[in-house]
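**Student:** Here it is, the structure, as structure tokens.
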Amino acid sequence: MTLRLYWEDPYLWRFTARVVEETTYQGQPAVILDRTAFYPAGGGQPSDRGTLNGIPVREVMEREEDGVILHLLERPLGMQEVEGIVDGERRFDHMQQHTGQHILSQAFLRVAGAQTVSFHIGHEVVTIDLETTDLPEAVAEAAEELANRVVLENREVRTWWVNGGEVEALGLRRSPSVEGPIRIVEVADFDRSPCGGTHVRRTGEVGPIKILKWERRGGGVRVSFLCGWRALRDYQGKYRRLLQVARLLSAGEADLMEAVQALQRELKEARRSLSLLQELYIEEVLPTLERKACPVPFGELVIHVWAQLPPGLLPRLARRLSASGPRLVILAAGGSAGLLAVACGPGIPVSAQQILERIRSRLGFSGGGGRSDYAQAPLPPTISMADLRKILEEASGELTRSAG
């Protein structure tokens with residue numbers, strides 16, 4: 004049985020050990036040591052990383068059938084004495100997040116009576132799933148404030164072992180999930196929980212605890228949060244972006260909300276004006292386009308290509324032109340937001356989707372779609388307007404002849 008040094012000293016990041024067995028796991032070389040400071044993945048906490056005699060340790064895990072700790076390696080190590088070096092930055096990050104989770108879970112239990120049913124340290128964020136159907140913002144803020152008060156009080160965090168019969172008298176936040184000797188992690192005068200993870204010595208080492216968001220998940224509520232260095236870096240990034248936005252809006256931090264609201268009002272008015280101008284343009288250009296309509300066996304055909312046109316204008320034009328009878332309308336506009344629009348009026352025996360597919364195959368691009376009466380697709384900016392006009396006329400001619 005491997006001696007678990009991380010339980011004795013979670014700050015031990017360099018150790019010596021002896022390889023007692025070489026093996027493989029799912030094709031990867033692995034070793035079993037007589038003692039290890041590497042924490043194996045479990046209980047929501049990822050495994051440690053590091054090296055054994057300079058060979059990278061990819062993963063550390065407990066073998067399901069016997070609980071033996073496997074160190075999965077980048078290459079074989081051999082039977083020998085080894086020096087292990089744990090990635091201390093990664094380990095301490097996990098210690099901050101895990102102890103922070105204990106504090107926040109107890110805070111939610113005290114503030115909202117919400118029990119934590121699962122926990123996970125992810126690469127970017129940490130999550131807990133709460134046994135509650137709702138989490139008002141005021142409750143989340145109260146739990147966050149209580150958790151950070153416990154951090155600032157720099158309370159002692161200690162661990163010890165008990166037998167199963169002693170558990171009931173301890174007032175644990177949750178029942179243990181294993182039998183036999185049980186490891187207890189206590190945040191002084193605040194939280195006691197069964198846990199096999201690595202933790203800091205005092206709550207001050209956890210650093211700030213910041214809730215990012217919460218959402219309903221599977222009948223409960225999932226809370227995403229960060230602790231310590233993760234929380235600080237998140238704040239730094241968000242504050243940096245806040246300053247960038249403030250500079251863009253020529254506003255102070257305190258005036259940002261008002262500046263954004265003013266910008267929203269201006270944008271709404273600009274959109275209203277743009278819509279009005281587009282409608283005026285449509286009324287101006289419609290007669291010209293209608294005069295370009297060519298007779299075909301089933302009605303009329305309108306084809307027109309613009310070098311550039313504002314987004315949103317082409318679909319409105321196509322639908323307006325096709326609404327007045329059996330008319331097939333094919334419009335296109337180039338530029339960075341190029342678009343191809345096909346509209347079929349009442350009585351047209353082919354679908355807009357069919358015509359779009361034929362044109363796309365001729366032009367050699369994909370994307371877009373629609374229904375029988377209207378379809379559209381974005382145009383690649385590399386297509387020349389002359390080639391586009393020629394292909395539109397050829398493709399529409401083929402379809403109208405086959406439809407007629």
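Under this note's numbering, think of the first position of the sequence shown as 4, with each following residue one higher.
Ideal placement from N, C-alpha and C gives every residue a C-beta, glycine not left out.
Could you compute how far the alpha carbon of residue 18 sits from the alpha carbon of residue 68?
**Tutor:** Roughly 27 Å separates the two Cα atoms.
**Student:** Do residue 36 and residue 74 come within 8 Å of each other at the CB atom, strictly closer than that value?
**Tutor:** Yes, the Cβ-Cβ distance between residue 74 and residue 36 is below 8 Å.
**Student:** When DSSP builds the beta bridges, which residues end up paired with residue 28?
**Tutor:** Beta-bridge pairing links residue 28 to 31.
**Student:** Which runs of the beta strand (DSSP E) fall wholly inside the region 47-110 and span at least 3 residues, in chain order?
**Tutor:** Segments of the beta strand (DSSP E) lying fully in the region 47-110: 53-55, 58-65, 72-76, 84-89.
**Student:** Would you identify the three-state DSSP class for residue 176, choosing helix, strand or coil?
**Tutor:** Three-state DSSP puts residue 176 in coil, outside helix and strand.
**Student:** Does residue 223 pass the burial test, meaning 16 or more other C-beta atoms within 10 Å, or should it be called exposed?
**Tutor:** That one is buried.
**Student:** Evaluate contact between the region 275-282 and the region 295-307, counting only Cβ atoms and requiring at least three cross-stretch pairs below 8 Å.
**Tutor:** The region 275-282 is not in contact with the region 295-307.
**Student:** Output the distance between the C-alpha atoms of residue 228 and residue 52, rounded to the nearest integer angstrom.
**Tutor:** The straight-line gap from Cα to Cα measures roughly 23 Å.
**Student:** Are the region 233-240 and the region 252-268 in contact at 8 Å, needing three or more beta carbon pairs?
**Tutor:** Result no; under three Cβ-Cβ pairs closer than 8 Å.
**Student:** So what's residue 227 in DSSP terms, helix, strand or just coil?
**Tutor:** The answer is strand: DSSP assigns residue 227 an E or B state.
**Student:** Out of curiosity, what's the CA-to-CA distance linking residue 55 and residue 84?
**Tutor:** Each residue's Cα considered, the two are about 10 Å apart.
**Student:** Start and end of the alpha helix (DSSP H) containing residue 120?
**Tutor:** Here residue 120 belongs to no alpha helix (DSSP H); instead the beta strand (DSSP E) covers 119-124.
**Student:** Pop quiz: residue 101 and residue 48 are said to be a contact at Cβ under 8 Å. What is the actual Cβ separation, rounded to whole angstroms?
**Tutor:** Right, the Cβ-Cβ distance comes to about 6 Å (below 8 Å), so this counts as a contact.
**Student:** Between the region 176-186 and the region 158-166, do at least 3 Cβ pairs fall closer than 8 Å?
**Tutor:** The region 176-186 is in contact with the region 158-166.
**Student:** Does DSSP put residue 372 in a helix, a strand or coil?
**Tutor:** Residue state, collapsed to three classes: strand.
**Student:** Look at the Cβ atom of residue 308, then the Cβ atom of residue 392, and state whether they are nearer than 8 Å.
**Tutor:** Result yes, Cβ atoms of residue 308 and residue 392 sit closer than 8 Å.
**Student:** My guess is that residue 198 and residue 103 are in contact by the Cβ rule of under 8 Å, so how many angstroms apart are they, rounded?
**Tutor:** So it is not a contact: roughly 13 Å between Cβ atoms.
**Student:** Which residue wins for smallest C-alpha separation from residue 283, given the options 351, 295, 319?
**Tutor:** Here the closest residue by C-alpha is 319.
**Student:** Just mark residue 251 as buried or exposed, buried being the case when its beta carbon has 16 or more other beta carbons within 10 Å.
**Tutor:** Exposed, because fewer than 16 other Cβ atoms sit within 10 Å of the Cβ of residue 251.
**Student:** So, at 7 Å on beta carbons, what are the nonlocal neighbours of residue 297 in its own chain, with the 5 sequence-adjacent residues on each side left out?
**Tutor:** Closer than 7 Å at Cβ, skipping near neighbours: 303, 304.
**Student:** If you run the structure through DSSP and keep just helix, strand and coil, what is residue 302?
**Tutor:** Here residue 302 sits in strand by DSSP.
**Student:** Along the chain, which unbroken stretches of the beta strand (DSSP E) at least 3 residues long are found entirely within the region 230-256?
**Tutor:** Correct list: empty.
**Student:** Starting from residue 295 and walking both ways along the alpha helix (DSSP H), at which residues does that stretch end?
**Tutor:** It is not in any alpha helix (DSSP H) - residue 295 carries neither H nor E in the DSSP assignment.
**Student:** Return the first residue and the last residue of the alpha helix (DSSP H) that residue 318 is part of.
**Tutor:** Residue 318 -> alpha helix (DSSP H) spans 316-325.
**Student:** Considering Cα atoms alone, identify which of 358, 220, 39, 96 is closest to residue 71.
**Tutor:** Comparing Cα positions, the closest option is 39.
**Student:** Applying the criterion that 16 or more other CB atoms from any shown protein chain within 10 Å of the CB defines a buried residue, is residue 248 buried or exposed?
**Tutor:** So residue 248 ends up on the exposed side.
**Student:** Count the CB pairs spanning the region 76-96 and the region 13-32 that are closer than 8 Å, and state whether there are at least three.
**Tutor:** At 8 Å Cβ cutoff, the stretches touch.
**Student:** For residue 79, collect the residues of the same chain with a Cβ closer than 8 Å to its Cβ; drop the 5 residues on either side in sequence, then sort them by chain order.
**Tutor:** Excluding sequence neighbours, residue 79 sits near 25, 32.
**Student:** List the endpoints of the continuous alpha helix (DSSP H) containing residue 10.
**Tutor:** 8-11 is the extent of the alpha helix (DSSP H) around residue 10.
**Student:** Please report the distance separating the alpha-carbon of residue 144 from that of residue 207.
**Tutor:** Near 20 Å, if we compare the C-alpha coordinates of residue 207 and residue 144.
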